[in-house]
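Only one structure is covered here, and it is reproduced in the block below.
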Amino acid sequence: MDIGLVLQTDPPADTLVERMVAAERQGFTHGWTFDSVVLWQEPFVIYSRILERTRRLRVGPMVTNPSTRSWEVTASLFATLNDMFGNRTVCGIGRGDSAMRVAGRKPATLARLGAAMAAIKDLAEGREADVEGTAMHLPWVREGQLPVWMGAYGPKALDLVGRRADGFILQLADPYLTEWMVRAVRAAAVSEGRDPDEVRICVAAPAYVTDGSRQAGDHAREQCRWFGGMVGNHVADLVERYGDSSDAVPQELTDYIRARQGYDYSHHGRVDNPDTEFVPDSIVDRFCLIGTPEEHVAKLERLRAAGADQFAVYAMHDDVDGVIESYGRDVIPSVSGGGPV
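When the sequence shown is numbered by the numbering used here, its final residue is 373 and no position is left out of the sequence of numbers.
See the structure below:
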């Protein structure tokens, strides 16, 4: 199993770059960042610094969207980085939650997302693409490669992943829900005539390593509770669309948001998010990885059995450097055979 690291592009950018360099030394294979340029700094500028300082790490957004930048601009950003540093970028993309809503706009439709994924991939790999009705190509691209991985939760989005994406990004680390959603993605791939095993599966969630004590566990939950609020925001969209008793959305996802009151994007992805009081400890434990290194390894093995090819560590808490070091020393060697170099 690959292990990735997900960070927010908070200033100073040098700190993020150093952490990604350290992550590569510890055996991490992927370096991801959020992409909401109102809330955080522009990630593509920072990717060039990360790629310059590393040799194997693959980088990309978790996730970009079809609306913040025009499709040819997004494709050119990826293609330029690949031309400079080798094909080491991954396009994680979704409808656009925080990036659009914090700017007062609605997330993209799935139809627009599907068209954008095809255009961005074709352009970045040197092929002609239809960009909202206009034929375009980037004539300077040579031997470009850009995997496009899509973030999804709902049935129609999962279907689009299986039919069109190179990978699936699932932002929660619950083995049961992972298995349920991977099954839906693979079924869609088969219906499209694709090999379902070619769709890579990335599970992303906060990870906090503790000494196993109750006190440490309680602290870790408080540091990771924001994630339940973020996931709850996506689930609320599903409930609005499908209802909270629909077979299209697992009850395990919908039950916990009944007490949800709203969501303030100014605290998106932050430990101090006030809109997380409705998130119980049980959901934090299900959706995140909290505990000793041995407990992390055990849950990662369950996620692997559910179909995950990569686990991406959301390191948005008070022990970012500690989790990078602990994973390199105690976790990565057990799940991937890698480790510090």
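Glycine residues also receive a C-beta, built at the ideal position from the N, C-alpha and C atoms.
These numbers were taken from a predicted model, which means no experiment stands behind them.
Could you name the residues of the same chain whose beta carbon sits closer than 6 Å to that of Val-193, not counting the 5 residues immediately before and after it, in chain order? Taking the sequence shown and counting its residues from 1, one reaches residue 193 at position 161. Excluding sequence positions up to five before and after Val-193, its CB lies within less than 6 Å of the CB of Met-182, Ala-184, Phe-200, Val-217, all in the same chain and listed in chain order.
Could you tell me how far apart the beta carbons of Ser-152 and Val-345 are, in whole angstroms, since I believe they sit closer than 8 Å? Position 120 of the sequence shown, counted from the first residue, corresponds to residue 152. Position 313 of the sequence shown, counted from the first residue, corresponds to residue 345. One detail in the question is off: residue 152 reads as Ile in this sequence, not Ser. Not a contact, Cβ separation roughly 26 Å.
Hey, could you find the ends of the beta strand (DSSP E) Met-182 is sitting in? Mapped onto the sequence shown, residue 182 falls at position 150. 180 to 183 is the span of the beta strand (DSSP E), which, as asked, contains Met-182.
Looking at the secondary structure, which residues open and close the beta strand (DSSP E) in which Phe-200 lies? Counting from one through the sequence shown, the residue named residue 200 turns up at place 168. From DSSP, the beta strand (DSSP E) with Phe-200 extends over 199 to 202.
Ordered along the chain, which non-local residues of its own chain (more than five positions away) have a Cβ less than 7 Å from that of Phe-76? By one-based count along the sequence shown, residue 76 stands at place 44. Counting only residues of its own chain and dropping the five nearest sequence neighbours on each side, Phe-76 has a CB closer than 7 Å to the CB of Leu-109.
DSSP state of Thr-374 mapped onto helix, strand, coil: For residue 374 there is no data in the structure shown, the boundaries of the chain being 33 and 373.
Does Asp-34 come out as helix, strand or coil in the three-state DSSP assignment? Residue mapping note: residue 34 aligns to position 2 of the sequence shown, counting from 1. DSSP places Asp-34 in strand when its eight states are reduced to three.
Who are the Cβ neighbours of Gly-244 in its own chain at under 8 Å, not counting the five residues just before and after it? For the purposes of this step, residue 244 is taken as the residue at position 212 of the sequence shown. Correct list, in chain order: Gly-323, Thr-324, Glu-327.
Identity of the residue in Leu-335, Thr-286, Ala-135 nearest Ile-315 by Cα: One-based indexing of the sequence shown puts residue 315 at position 283. With distances taken between Cα atoms, Ile-315 lies closest to Thr-286.
Among Thr-308, Val-180, Ser-68, Met-262, which has the Cα closest to the Cα of Gly-136? Reading the sequence shown from its first residue, position 104 is the one you call residue 136. The residue among Thr-308, Val-180, Ser-68, Met-262 with its C-alpha nearest the C-alpha of Gly-136 is Ser-68.
Residue range of the alpha helix (DSSP H) that Gly-194 falls in? Stepping through the sequence shown from its first residue, residue 194 is reached at position 162. First-last of the alpha helix (DSSP H) with Gly-194: 187 to 196.
Helix, strand or coil for Phe-319? Go by DSSP, reduced to three states. As a position in the sequence shown, residue 319 is number 287, starting the count at 1. For Phe-319, the secondary structure class from DSSP, reduced to helix, strand or coil, is helix.
Other residues of its chain near Gly-249: CB distance less than 8 Å, five sequence neighbours each side excluded: Position 217 of the sequence shown, counted from the start, is the residue given in the question as residue 249. Closer than 8 Å at the Cβ level, and outside the excluded window around Gly-249, lie Thr-242, Ile-322, Gly-323.
I think Ala-54 touches Ile-364, with their Cβ atoms under 8 Å apart; what is that distance to the nearest whole Å? By 1-based counting over the sequence shown, the position of residue 54 is 22. By 1-based counting over the sequence shown, the position of residue 364 is 332. Rounded, the Cβ-Cβ distance is 13 Å, inconsistent with contact.
Could you pull out every residue in the same chain whose Cβ sits closer than 7 Å to the Cβ of Val-180, ignoring the five residues on either side in sequence? Residue 180 sits at position 148 when you count from the first residue of the sequence shown. Cβ neighbours of Val-180 beyond the five flanking positions: Cys-123, Ile-125, Met-149, Ile-152, Lys-153, Ala-197, Asp-198.
Roughly how many angstroms lie between the CA atoms of Pro-312 and Met-348, to the nearest whole one? Translated into positions along the sequence shown, residue 312 becomes position 280. Translated into positions along the sequence shown, residue 348 becomes position 316. Looking at the two C-alpha atoms, the distance is approximately 19 Å.
Rounded straight-line distance, which links the Cα of Gly-261 to that of Ala-236: Sequence index remark: in the sequence shown, residue 236 carries index 204 (1-based). Sequence index remark: in the sequence shown, residue 261 carries index 229 (1-based). The straight-line gap from Cα to Cα measures roughly 15 Å.
So the beta strand (DSSP E) Tyr-240 belongs to, where does it begin and stop? What you label residue 240 is simply residue 208 of the sequence shown in a count that begins at 1. 232 to 241 is the span of the beta strand (DSSP E), which, as asked, contains Tyr-240.
In terms of residue numbering, what span does the beta strand (DSSP E) encompassing Val-329 cover? The residue given as residue 329 occupies position 297 in the sequence shown. Element bounds for Val-329: not the beta strand (DSSP E) but the alpha helix (DSSP H), 325 to 337.
Alpha carbon of Gly-176 to alpha carbon of Pro-98, nearest angstrom: For the purposes of this step, residue 176 is taken as the residue at position 144 of the sequence shown. For the purposes of this step, residue 98 is taken as the residue at position 66 of the sequence shown. Take the alpha-carbon of Gly-176 and the one of Pro-98: they are about 20 Å apart.
Which residue marks the beginning of the beta strand (DSSP E) containing Tyr-346, and which one marks its end? Working through the sequence shown from its first residue, we reach residue 346 at position 314. Per DSSP, Tyr-346 is one residue of the beta strand (DSSP E) stretching across 342 to 346.
Where do the ends of the beta strand (DSSP E) carrying Pro-93 lie? Residue 93 sits at position 61 when you count from the first residue of the sequence shown. Element bounds for Pro-93: 90 to 93.
Is Thr-65 near Ile-78, with beta carbons less than 9 Å apart? For the purposes of this step, residue 65 is taken as the residue at position 33 of the sequence shown. For the purposes of this step, residue 78 is taken as the residue at position 46 of the sequence shown. Result yes, Cβ atoms of Thr-65 and Ile-78 sit closer than 9 Å.
Best match in Glu-157, Arg-144, Asp-350, Arg-57 for proximity to Asn-114 [C-alpha to C-alpha]: Position 82 of the sequence shown, counted from the first residue, corresponds to residue 114. If we check each option's Cα against that of Asn-114, Glu-157 comes out closest.
Alpha carbon of Arg-142 to alpha carbon of Arg-195, nearest angstrom: The residue you call residue 142 lines up with position 110 of the sequence shown. The residue you call residue 195 lines up with position 163 of the sequence shown. Reading off the sequence, residue 142 comes out as Leu, not Arg. If you take the alpha carbons of Leu-142 and Arg-195, they lie about 12 Å apart.
Kindly identify the DSSP beta-bridge partner or partners of Gly-124. Within the sequence shown, numbered from 1, the residue matching residue 124 stands at position 92. According to DSSP, Gly-124 bridges with Trp-181.
Counting contacts by CB-CB distance shorter than 9 Å, is Ala-344 in contact with chain D? Annotation note: the requested chain D is absent from the structure, which comprises a single protein chain.
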